[in-house]
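Residue numbers for the sequence shown, in the UniProt record's numbering: 1 to 967. Glycine residues also receive a C-beta, built at the ideal position from the N, C-alpha and C atoms. Okay, structure first, notes after.
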Amino acid sequence: MEVTCNFLTVISDLPFNIEQVRLKNFILNIVKVEISTVSDEEMIKLWDESKIFESNVAHKKPKYFITVPYPYTSGALHIGHARSYTLGDVTARYYRLKGFNVLFPMAFHITGTPILAISKRIARGDKKMLAMHKEYISIYEEDENKANEIVESFKNPEALANYYANVIIADFKRMGYSIDWRRKFNTGEKFYNKFVEWQYKKFASQNLIIKGKHAVYFCPSCSNPVTTDDIKGGDELDIKMTEYYLIKEKIASENDNENCYLIAATLRPETVFGITNLWVNPEKIYVKVNVRNGRIDEMWLISKKASEKLKKQGFEVNIVDEFKGENLIGKKAMTPLTNKEVEILKANFVDDDVATGVVNSVPGHAPYDYVALRDSGINFDKEPNFRMIDSKIKVEEVVKDIKNQTDEKLEGVTQELYKDEFYNGIMNENCGEFKGMKVAVAKEKIAERLKSLNLLSKIYENGIKDKDGNVIKGTCRCGTELEIRVLEDQWFLNYTNDGWKNLAKKILKSIKIEPEIYRTGFVNAIEWLHEWPCTRNRGLGTKFPLDNKWMIESLSDSTIYMAFYTIAHLLRNLTIEELDEKFFDFIFLGKEFEGCEKYKNIREIFLYYYPMDERRTGIAHISNHLTFSLFHHAAIFPENLWPKKISLNEMLISEGKKMSKSLGNVIPLKHACEEFGADTVRLHLCYAADTSSTLDWKEKDVLATKSKIDEFVNFIKSADGCASYEYKDMDKWLISKFNKHLEEFLNLMDKSEIRGAVQKIFYEFFNDIKWYLRRTEPNKKVPKEISEEWVKVMSIFIPFTCERLQRYIGKGNFVNAEDSLKVDKEAINGNAESMENMIIELIDNIRNFVKLIEKHKKPTKVFIYFAEDWKRELFSEIKKGKGIKDVMADEKFKRHSKEVINIMKKTHQQDIKFIPSIEEESGKIEGAKEFLEKELNLKVEISVNADYDPKETRKFAMPLKPAIYIE
1 MEVTCNFLTV
11 ISDLPFNIEQ
21 VRLKNFILNI
31 VKVEISTVSD
41 EEMIKLWDES
51 KIFESNVAHK
61 KPKYFITVPY
71 PYTSGALHIG
81 HARSYTLGDV
91 TARYYRLKGF
101 NVLFPMAFHI
111 TGTPILAISK
121 RIARGDKKML
131 AMHKEYISIY
141 EEDENKANEI
151 VESFKNPEAL
161 ANYYANVIIA
171 DFKRMGYSID
181 WRRKFNTGEK
191 FYNKFVEWQY
201 KKFASQNLII
211 KGKHAVYFCP
221 SCSNPVTTDD
231 IKGGDELDIK
241 MTEYYLIKEK
251 IASENDNENC
261 YLIAATLRPE
271 TVFGITNLWV
281 NPEKIYVKVN
291 VRNGRIDEMW
301 LISKKASEKL
311 KKQGFEVNIV
321 DEFKGENLIG
331 KKAMTPLTNK
341 EVEILKANFV
351 DDDVATGVVN
361 SVPGHAPYDY
371 VALRDSGINF
381 DKEPNFRMID
391 SKIKVEEVVK
401 DIKNQTDEKL
411 EGVTQELYKD
421 EFYNGIMNEN
431 CGEFKGMKVA
441 VAKEKIAERL
451 KSLNLLSKIY
461 ENGIKDKDGN
471 VIKGTCRCGT
481 ELEIRVLEDQ
491 WFLNYTNDGW
501 KNLAKKILKS
511 IKIEPEIYRT
521 GFVNAIEWLH
531 EWPCTRNRGL
541 GTKFPLDNKW
551 MIESLSDSTI
561 YMAFYTIAHL
571 LRNLTIEELD
581 EKFFDFIFLG
591 KEFEGCEKYK
601 NIREIFLYYY
611 PMDERRTGIA
621 HISNHLTFSL
631 FHHAAIFPEN
641 LWPKKISLNE
651 MLISEGKKMS
661 KSLGNVIPLK
671 HACEEFGADT
681 VRLHLCYAAD
691 TSSTLDWKEK
701 DVLATKSKID
711 EFVNFIKSAD
721 GCASYEYKDM
731 DKWLISKFNK
741 HLEEFLNLMD
751 KSEIRGAVQK
761 IFYEFFNDIK
771 WYLRRTEPNK
781 KVPKEISEEW
791 VKVMSIFIPF
801 TCERLQRYIG
811 KGNFVNAEDS
821 LKVDKEAING
831 NAESMENMII
841 ELIDNIRNFV
851 KLIEKHKKPT
861 KVFIYFAEDW
871 KRELFSEIKK
881 GKGIKDVMAD
891 EKFKRHSKEV
901 INIMKKTHQQ
911 DIKFIPSIEE
921 ESGKIEGAKE
931 FLEKELNLKV
941 EISVNADYDP
951 KETRKFAMPL
961 KPAIYIE
């Protein structure tokens, strides 16, 4: 291949006169070079053959063990999946270059019902599912007949899981991920099942698993409880339930002998003292039902839809009568605790599919109720118990700008008021014995009182929210809408156990969370986590060791598998029978048994790699997988084996929108690599957004990244190792800037600030190169000086490109096998950088003044003045830490007292490192005079003594900040 170095793209924004001359001279001096290129595919093969990413115990090296989530093998991966994986690989490569023995493993998740559900739908000829997987397979298989055969094989769930595992391996290799593939496994393999069984026996021995009745999301088609992994789009949803309190409000019945209650649902039982009326929807169907549940045997009035929900939540419900809501309008009910009669009013905004379809109206504390009554012309604010909570915010204040019940701002002001009342509110004199209590306390106390009077029950309602906070219907991966059921004899991980919670909190205190802003998410998750249904009656994975008719669900078997990575490749040499509880107790906990000596090496290997140094994943996993992992590590491992760090990133969208097939913006990982190149994809994923921000994949930006990589290649290829040119000041400046950027890069990478690190070592240094080319005739020896370290550090992000460049610059070894990053500290010249920054700022200042002057006359000359010696001496005193009192004791400063005070006020927080002499400053500008005149199109006069200073401009000059006068 014939390559000509072209710096046009590097300096395309330069002034025409410099660009033409410099570019011509620079390119003419670069010889066309014949180089052999190695394709990405060939490079992957070379890496595999050399085994450079396989990690083995090396006690002379520090180790770094990093993991990312293993992918679920039910389909093809797209660029949205690649963000966490790429950031993980970049971190792995970084620590290798720092001299660490890095373990970066991978496995595959097949647990649960999703793969079974796909196979089942394909087996029954589901057209939508068949079309989806034919489309996935077409990414990898051009032969349509072959693709059809593969889809047909998916009737077997194992075939489906294995196929996608293999194409994911190919995708990951295509992306250049430096994975130790010896350790791969899937969660359905027997040796992994034995590991999970051991884990659950440990939980059982500590009474952390309980059996009982609990509310769960349930798929009626799969006949299974479901959690995040079973729910369509579960990783991007906030999957919680809403627990409604059911308040019984007695209503007159035709049969005086029966207890008949109108059942109102509320999230705030403490507001019973402020009820002014009740709402029902006159157009919806309501029922009178006989309800039995424990000691309850009553008649309830609720929506028909609510009666169906109650049946699934442990209530025995029999419908006695059915009627429209309008039949209830005008009737009266008795509120509990206050024994006050309130009227039932019509409200079309009441949703009969939310809780019971009956709502208490509390206008003093509920903006929706206030606005509804206000708009209906009903006078309610004279009621004696209109307000029953005293707080900073009043309902009248927050609704004054609300137009009507459909106003979008209504939900926001409601949440604002609720939050203020919960945290700051005090129950007032209308609340009887609860007067003076904080709302947060009164809520529980009043609920307890109502329950003791048999006037309270509960119902669980859908609380699944999308990323924007909107409540949505959850759907099983099989396509069925979810419902809530209260199940008997269900097995749960008891995350409510106080001792266990405290241990999880202890881990959280000890672990690094990066970015730190996400720590609150973990705190909240630990607090709200309660009993978690950990078993299913079918699915792939591991049988529940306490009851073999159950399977462990997919989130509950993937919490400490990081420990399994350390020894997975070794366990394949053992029999399944050997992998019993005693074996894992010895390997992971050090509990010896007779004959354990033969496994001593496995134990030592585990201890070499564990604890895990870093877990990289998306923020969607905070509320489930990651928090579960903290709990499970705390329950099983000693403190010295707890994970050290969790690094997080936000999701990825495409062209401003969430990725969706219907929008056509889903880009398979393979297609992205083919269109843009793996290195472009990698670098863009690292730089396009901070990890704490959503990354918007835009093709124009991706192409700009690709162009930047081309510039990088051209610069490295411009190196001329045979040149013997002496280094000039600007050459030394560029080398200094590179090493300074490298130093800053290392600091940022250590803090997982990957975008900032790329900014320093790549984009900012390219700006320095552009400035270098503007300032001086380029020295071809400079790229050679820089290239070795720059190629090495950039191999973290663009490994294929840098592997080829490594050979181009004459190094035979793999750049990806290098194990040292060197900052040439002697080459860093802060003083030289300060002097050059003076030139840059000087040009900017002159241009800004010229813009102002040009409105009146065309300037032709600029005079440059320098700070007097006393100012330089003053800066030297400030640098020493002297205060105003000490400085003013010196007569030479005292005579300039007003200026001294102003200078010291402005500079007291500055880190003064370098104070050049007048001769040094003027000499620097004298050396740049020709450049300045060409850049500015002005004659430059350097006035050291200020012989000509008509406006007394020199008094504004400071060290490294010359003053200017323009004529």
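Leaving out five residues before and five after residue i in sequence, what residues of the same chain have Cβ atoms less than 8 Å from its Cβ?
i	result
S84	V68, P69, R616, T617, G618, N649
Y965	V862, F863, Y865, D949, P950, K951, T953
G99	K61, P62, D819, S820
I209	Y200, F203, W491, F492, L493, N494, C534, L546
I843	L932, E935, L936
Given a threshold of 16 other Cβ atoms within 10 Å of its Cβ, counted over all protein chains shown, does residue i qualify as buried or as exposed?
i	result
G274	buried
D230	buried
G91	According to the sequence as given, residue 91 is Thr; it is not Gly. By the neighbour-count rule (16 or more Cβ atoms within 10 Å), T91 is buried.
I35	In this prediction, I35 has a pLDDT of 34, which is less than 50 and means its spatial position is unreliable; nothing more can be read from the coordinates.
N348	exposed
residue 1023	Lying before the first or after the last residue shown, residue 1023 is absent from the chain, which here runs from 1 to 967.
Q806	buried
L28	Low per-residue confidence applies at L28: pLDDT is 35, beneath 50, and the placement is therefore not dependable, though the value from the model is reported in the following sentence. That one is exposed.
K792	buried
L652	buried
D750	exposed
Y763	exposed
F26	Legend: pLDDT at F26 = 44, less than 50; position of this residue unreliable, value from coordinates given subsequently. Buried, by the Cβ-count rule.
D89	buried
Say whether chain B places a C-beta atom closer than 8 Å to the C-beta of residue i.
i	result
I344	Absent from the structure is chain B; it holds one protein chain and no more.
Give every residue of the same chain whose Cβ lies closer than 7 Å to the Cβ of residue i, excluding the five residues on either side of it in the sequence, and list them in chain order.
i	result
D180	F53, E54, S55, L103, F104, P105
V317	V289, V291, S307, L310, K311
F584	F195, W198
E527	none
Y323	Note that residue 323 is Phe in the sequence shown here, rather than Tyr. Contacts found: Y286.
Quick one: what's residue i bridged to in DSSP?
i	result
F65	L103
T475	E481
K861	K939
A215	V486
Y423	Beta-bridge pairing links Y423 to no other residue.
T242	E461
Y965	F863
Based on Cα-Cα distance, which residue from the options lies nearest to residue i?
i	options	result
G364	L373, L493, L337, I115	L373
K913	I251, Y192, E42, E833	E833
K898	Q206, K871, S917, D911	K871
D351	N193, A366, V359	V359
L607	D613, F588, G595, N573	F588
V320	G330, Q313, K304	K304
A634	V713, K505, E578	K505
N816	V57, D48, I66, L97	L97
L77	R603, K248, L936, D171	D171
K657	K324, D696, M551, E270	D696
C846	K961, M562, Q313	Reading the sequence as shown, one finds Ile at residue 846 and not Cys. Considering only alpha carbons, the answer is K961.
S752	L87, G80, K45	L87
What does a CB cutoff of less than 6 Å around residue i pick up in its chain, not counting 5 residues either side in sequence?
i	result
V471	K465
K740	I828
C596	F586
E152	none
D13	Residue confidence is low: D13 scores 39 on pLDDT, short of 50, so the model does not pin down where it sits. Its coordinate-derived value is still stated next. Once the five neighbours on either side are set aside, D13 has no close Cβ partner at all.
Discussion item. If contact is defined by three or more beta carbon pairs under 8 Å, each pair taking one atom from either stretch, is the region 294 to 303 in contact with the region 261 to 274?
Written reply: Enough Cβ pairs lie closer than 8 Å, so yes.
Worksheet item: Counting pairs of Cβ atoms below 8 Å between the region 491 to 501 and the region 472 to 483, do you hit three or more?
Response: Verdict: no, contact absent.
Worksheet item: Is the region 917 to 933 in contact with the region 876 to 884, if contact means three or more CB pairs nearer than 8 Å?
Response: Judged by Cβ distances under 8 Å, the region 917 to 933 makes no contact with the region 876 to 884, as fewer than three pairs qualify.
Worksheet item: Are there three or more Cβ pairs, one per stretch, closer than 8 Å when the region 543 to 561 is compared with the region 197 to 214?
Response: Touching, per the Cβ criterion.
Worksheet item: Using 8 Å as the Cβ pair cut-off and three pairs as the minimum, do the region 184 to 192 and the region 675 to 692 touch?
Response: Two segments are said to touch when three or more pairs of C-beta atoms, one from each, lie closer than 8 Å; by this definition the region 184 to 192 does not touch the region 675 to 692.
Worksheet item: Between the region 526 to 543 and the region 551 to 561, do at least 3 Cβ pairs fall closer than 8 Å?
Response: By the C-beta criterion, the region 526 to 543 is judged to be in contact with the region 551 to 561, since at least 3 inter-stretch pairs fall below 8 Å.
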